[in-house]
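Asks: The sequence shown begins at 42 in this note's numbering and counts up by one. For glycine and all other residues, C-beta sits at the position ideal for the given N, C-alpha and C. The structure presented is a predicted model; accordingly, all values stated were derived computationally and were not measured.
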Amino acid sequence: MTDQPLQTDLEAIVRDARGEMEHSSTPEALESWRVSYLGRRGRLTLLLRSLASLSLEERRTVGAEANRAKAQLEQLLEQRQQALKQETSRLLQEGRIDVTLPGRPVPLGRLHPITQTVREICAAFVSMGFDAVEGPEVEWEHYNFDALNIPRDHPARDMWDTLWVDWTDPTSQQRRMLLRTHTSPMQARVMEKTRPPVRVVVPGRVYRYEASDATHEWHFTQVEGLAVDERITFADMKGTLYEFAHRIFGADRKVRFRCDYFPFVEPGAEMAIDCFACQGKGCRICKDTGWIEIMGAGMVHPKVLDGVGYDPSVYTGFAFGLGVERIAMLKYGIEDIRLFYANDVRFLRQF
Ligand code: PHE
42 MTDQPLQTDL EAIVRDARGE MEHSSTPEAL ESWRVSYLGR RGRLTLLLRS
92 LASLSLEERR TVGAEANRAK AQLEQLLEQR QQALKQETSR LLQEGRIDVT
142 LPGRPVPLGR LHPITQTVRE ICAAFVSMGF DAVEGPEVEW EHYNFDALNI
192 PRDHPARDMW DTLWVDWTDP TSQQRRMLLR THTSPMQARV MEKTRPPVRV
242 VVPGRVYRYE ASDATHEWHF TQVEGLAVDE RITFADMKGT LYEFAHRIFG
292 ADRKVRFRCD YFPFVEPGAE MAIDCFACQG KGCRICKDTG WIEIMGAGMV
342 HPKVLDGVGY DPSVYTGFAF GLGVERIAML KYGIEDIRLF YANDVRFLRQ
392 F
């Protein structure tokens with residue numbers, strides 16, 4: 042090869058062009074590569090044009106090499122463009138969205154079993170003409186106890202181990218607050234606000250200061266019921282609760298009422314249903330008694346009526362209170378109340 046400056050230029054151009062091509066991986070980079078080497082003002086084009094000033098002999102040798110170089114660079118460009126095209130369509134293929142694939146499942150939430158049971162219980166009473174209302178969980182001592190005929194030193198206060206709220210009413214040192222131990226305080230609250238007839242159910246959370254075990258939690262859920270009007274009798278109470286038991290536990294349930302004591306009812310009763318697991322024969326669920334106690338109830342005590350300004354010689358009524366967790370445990374065969382509040386989705390998902 043003759044050592045001529047043009048020859049050297051040509052070699053440099055080809056070397057640069059190849060080197061730059063290594064780093065050109067976008068259509069834009071390829072185009073600017075083309076422009077700078079093969080374009081009208083590109084380095085190789087300019088060199089080819091300058092051949093005109095050479096002698097015929099020189100033109101022949103350098104010209105032939107230059108044309109070969111041009112063909113090489115054009116081929117290089119062509120290959121590179123092809124490769125890029127293939128790469129692009131491969132990426133498209135890979136990232137392609139197959140619209141016929143099934144969608145990703147959206148996890149569906151559901152209501153907590155206690156919420157479901159509360160709604161079921163309330164729906165049964167609502168269909169019998171009761172309204173559902175809610176009340177405060179942080180409650181005055183007055184509504185939780187005094188208004189329910191449970192004065193300060195009454196031994197019945199022991200029945201509701203109380204979580205007291207550490208707060209003193211600046212207007213009266215006497216007014217203490219607590220976490221309600223039952224939903225019964227709503228009896229007085231509702232009656233204070235309305236005139237008879239009253240028919241309400243009150244679902245809500247209640248709190249007791251006690252250790253938890255398989256059948257006790259320090260917080261749980263109750264549904265309270267209250268019906269007050271002229272001439273309401275114990276028979277109305279039995280009929281209503283009988284109907285309720287049938288709706289929740291099945292139409293062939295028997296119910297049993299026995300005497301029980303609650304300071305705010307007189308007479309007071311405890312209601313049981315015959316065991317749906319063994320049909321009353323005796324089993325583990327009913328602890329071999331054939332009966333399952335499901336709620337406390339009774340005729341509203343005249344002192345409670347009097348306390349809210351209802352004349353006990355005109356109005357009578359019944360009240361009841363049931364534990365929702367217990368009902369749900371019976372219904373679904375759950376053996377430990379703590380499962381409801383352990384937040385284990387494997388448990389909760391089953392309902
Ligand atoms: N409040 C009572 C309890 O928590 C239940 C009850 C309500 C009893 C209404 C009679 C009438 O044990």
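Over what stretch of residues does the alpha helix (DSSP H) that includes Leu-267 continue unbroken?
Replies: Here residue 267 refers to the residue found at position 226 when the sequence shown is read from its first residue. Taken as a continuous stretch (DSSP letters only), Leu-267 belongs to no alpha helix (DSSP H), being part of the beta strand (DSSP E) at 260-271.
Asks: I want to check one thing, is the minimum distance from the CB of Ala-164 to the heavy atoms of the ligand PHE below 7 Å?
Replies: Numbered from 1 along the sequence shown, position 123 holds the residue referred to as residue 164. Result no, Cβ not under 7 Å from the ligand PHE.
Asks: Could you tell me the boundaries of the beta strand (DSSP E) in which Met-62 lies?
Replies: As a position in the sequence shown, residue 62 is number 21, starting the count at 1. Careful: Met-62 lies outside any beta strand (DSSP E), inside the alpha helix (DSSP H) at 46-63.
Asks: For Met-42, does the count of other Cβ atoms within 10 angstroms reach 16, so buried, or fall short, so exposed?
Replies: What you label residue 42 is simply residue 1 of the sequence shown in a count that begins at 1. Its pLDDT being 45, under 50, Met-42 is placed unreliably by the model, and nothing is read from it.
Asks: Quick one: complete alpha helix (DSSP H) runs, 4+ long, within the region 280-363?
Replies: For the region 280-363, whole alpha helix (DSSP H) runs of length 4 or above, ordered along the chain, are 343-348.
Asks: On a CA-only basis, which of Tyr-356, Gly-358, Ile-368 and Val-349 is nearest Ile-326? Give me that one, please.
Replies: Taking the first residue of the sequence shown as position 1, residue 326 is located at position 285. Comparing Cα positions, the closest option is Ile-368.
Asks: Report the rounded CA-to-CA distance for Gly-150 versus Arg-379, giving the unit in angstroms.
Replies: One-based indexing of the sequence shown puts residue 150 at position 109. One-based indexing of the sequence shown puts residue 379 at position 338. For Gly-150 and Arg-379, the distance between alpha carbons rounds to 21 Å.
Asks: Could you tell me whether the Cβ atoms of Asp-270 and Gly-348 are closer together than 8 Å?
Replies: Residue numbering aside, residue 270 sits at position 229 when the sequence shown is read from its first letter. Residue numbering aside, residue 348 sits at position 307 when the sequence shown is read from its first letter. No, Cβ-Cβ distance for Asp-270 and Gly-348 is not below 8 Å.
Asks: Would you give the residue range spanned by the beta strand (DSSP E) that Thr-209 belongs to?
Replies: Taking the first residue of the sequence shown as 1, we reach residue 209 at position 168. Segment 204-209, the beta strand (DSSP E) holding Thr-209.
Asks: Compare the C-alpha of Thr-330 against each of Met-336, Lys-322 and Gly-337 and name the closest.
Replies: Position 289 of the sequence shown holds residue 330. Among Met-336, Lys-322 and Gly-337, the Cα nearest to that of Thr-330 is on Lys-322.
Asks: Between Gly-104 and the rest of its own chain, which residues show a CB-CB distance below 7 Å, the 5 nearest in sequence each way excluded?
Replies: Here residue 104 corresponds to residue number 63 of the sequence shown, with the count starting at 1. Closer than 7 Å at the Cβ level, and outside the excluded window around Gly-104, lie Leu-92.
Asks: Suppose contacts are defined by Cβ-Cβ distances below 8 Å. Is Leu-189 in contact with Val-231 by that definition?
Replies: For the purposes of this step, residue 189 is taken as the residue at position 148 of the sequence shown. For the purposes of this step, residue 231 is taken as the residue at position 190 of the sequence shown. No; because the gap between Cβ atoms is not below 8 Å, this pair is not in contact.
Asks: On the criterion of 16 or more Cβ atoms from any shown chain inside 10 Å, does Pro-244 qualify as buried, or is it exposed?
Replies: By 1-based counting over the sequence shown, the position of residue 244 is 203. Buried: at least 16 other Cβ atoms inside 10 Å.
Asks: Compute the Euclidean distance between the alpha carbons of Ile-289 and His-257, then round it to the nearest angstrom.
Replies: Within the sequence shown, residue 289 is the residue found at index 248, counting from 1. Within the sequence shown, residue 257 is the residue found at index 216, counting from 1. Spanning the two alpha carbons is a distance of roughly 22 Å.
Asks: I'd like to know if the region 209-227 and the region 174-182 are in contact, where contact means that at least 3 CB-CB pairs between them fall below 8 Å.
Replies: Yes: at least three Cβ pairs fall under 8 Å.
Asks: Cα separation between Thr-281 and Val-296?
Replies: The residue labelled residue 281 in the question sits at position 240 within the sequence shown. The residue labelled residue 296 in the question sits at position 255 within the sequence shown. Roughly 11 Å between the two C-alpha positions.
Asks: Report the option in Ala-255, Trp-259 and Ala-313 whose CA atom is closest to the CA atom of Tyr-283.
Replies: Residue mapping note: residue 283 aligns to position 242 of the sequence shown, counting from 1. It is Ala-313 whose Cα lies nearest to the Cα of Tyr-283.
Asks: Flag Val-242 as yes when its Cβ comes closer than 7 Å to any non-hydrogen atom of the ligand PHE, and as no otherwise.
Replies: Position 201 of the sequence shown, counted from the first residue, corresponds to residue 242. Val-242 Cβ: outside cutoff for every heavy atom of the ligand PHE.
Asks: With DSSP run on the structure shown, which of helix, strand or coil describes Glu-180?
Replies: The sequence position of residue 180 within the sequence shown is 139, counting from 1. Strand.
Asks: With a cut-off of 8 Å on the beta carbons, I'd call Asp-301 and Gly-291 a contact; round off their distance for me.
Replies: For the purposes of this step, residue 301 is identified with residue 260 of the sequence shown, where counting begins at 1. For the purposes of this step, residue 291 is identified with residue 250 of the sequence shown, where counting begins at 1. 24 Å between Cβ atoms; not a contact.
Asks: Determine the direct distance from the alpha carbon of Pro-146 to that of Arg-390, and round the result to whole angstroms.
Replies: Here residue 390 is taken as the residue at index 349 of the sequence shown, counted from 1. Here residue 146 is taken as the residue at index 105 of the sequence shown, counted from 1. Answer to the nearest angstrom: the Cα atoms are 16 Å apart.
Asks: DSSP state of Tyr-248, grouped into three classes?
Replies: Walking along the sequence shown from the start, residue 248 turns up at place 207. The answer is strand: DSSP assigns Tyr-248 an E or B state.
Asks: Let me confirm a value: Val-386 is counted as buried when at least 16 other C-beta atoms fall within 10 Å, else exposed. Which label applies?
Replies: Position 345 of the sequence shown, counted from the first residue, corresponds to residue 386. When all chains shown are included, Val-386 counts as exposed.
Asks: Taking all protein chains shown into account, do 16 or more other C-beta atoms lie within 10 angstroms of the C-beta of Arg-240, making it buried, or fewer, making it exposed?
Replies: Along the sequence shown, read from residue 1 onward, the residue named residue 240 stands at position 199. It counts as buried.
Asks: Mind checking which residues open and close the alpha helix (DSSP H) that includes Met-370?
Replies: One-based indexing of the sequence shown puts residue 370 at position 329. 365-373 is the extent of the alpha helix (DSSP H) around Met-370.
Asks: Do Thr-212 and Val-247 count as a contact pair if the criterion is CB distance below 8 Å?
Replies: One-based indexing of the sequence shown puts residue 247 at position 206. One-based indexing of the sequence shown puts residue 212 at position 171. No, Cβ-Cβ distance for Val-247 and Thr-212 is not below 8 Å.
Asks: Going by DSSP, which residues form a beta bridge with Asp-172?
Replies: Residue 172 sits at position 131 when you count from the first residue of the sequence shown. DSSP output for Asp-172 lists Val-241 as bridge partner(s).
Asks: When you compare only the Cα positions, how much space is there between Trp-332 and Glu-366?
Replies: For the purposes of this step, residue 332 is taken as residue 291 along the sequence shown, with counting starting at 1. For the purposes of this step, residue 366 is taken as residue 325 along the sequence shown, with counting starting at 1. Looking at the two C-alpha atoms, the distance is approximately 18 Å.
Asks: From this set, Leu-97, Glu-63, Gly-362 and Tyr-373, which residue's C-alpha is nearest Val-242's C-alpha?
Replies: As a position in the sequence shown, residue 242 is number 201, starting the count at 1. Measuring from the Cα of Val-242, the nearest candidate turns out to be Gly-362.
Asks: The ligand PHE and Phe-285: does any heavy atom of the ligand fall closer than 7 Å to the residue's C-beta?
Replies: Taking the first residue of the sequence shown as position 1, residue 285 is located at position 244. Checking every heavy atom of the ligand PHE against the Cβ of Phe-285, none is found closer than 7 Å.
Asks: Ordered along the chain, which non-local residues of its own chain (more than five positions away) have a Cβ less than 8 Å from that of Ser-96?
Replies: Translated into positions along the sequence shown, residue 96 becomes position 55. For Ser-96, where only same-chain residues beyond five positions count, there are no Cβ hits under 8 Å.
Asks: State the DSSP-derived secondary structure class of Arg-82, mapped to helix, strand or coil.
Replies: Here residue 82 refers to the residue found at position 41 when the sequence shown is read from its first residue. Here Arg-82 sits in coil by DSSP.
Asks: With which residues is Arg-131 paired in a DSSP beta bridge?
Replies: Here the question's residue 131 lines up with position 90 in the sequence shown. In DSSP, Arg-131 forms no bridge with anything.
Asks: Under the criterion of a Cβ to heavy atom distance below 7 Å, does Val-174 qualify as lining the ligand PHE?
Replies: For the purposes of this step, residue 174 is taken as residue 133 along the sequence shown, with counting starting at 1. Flag unset: Cβ of Val-174 not near the ligand PHE.
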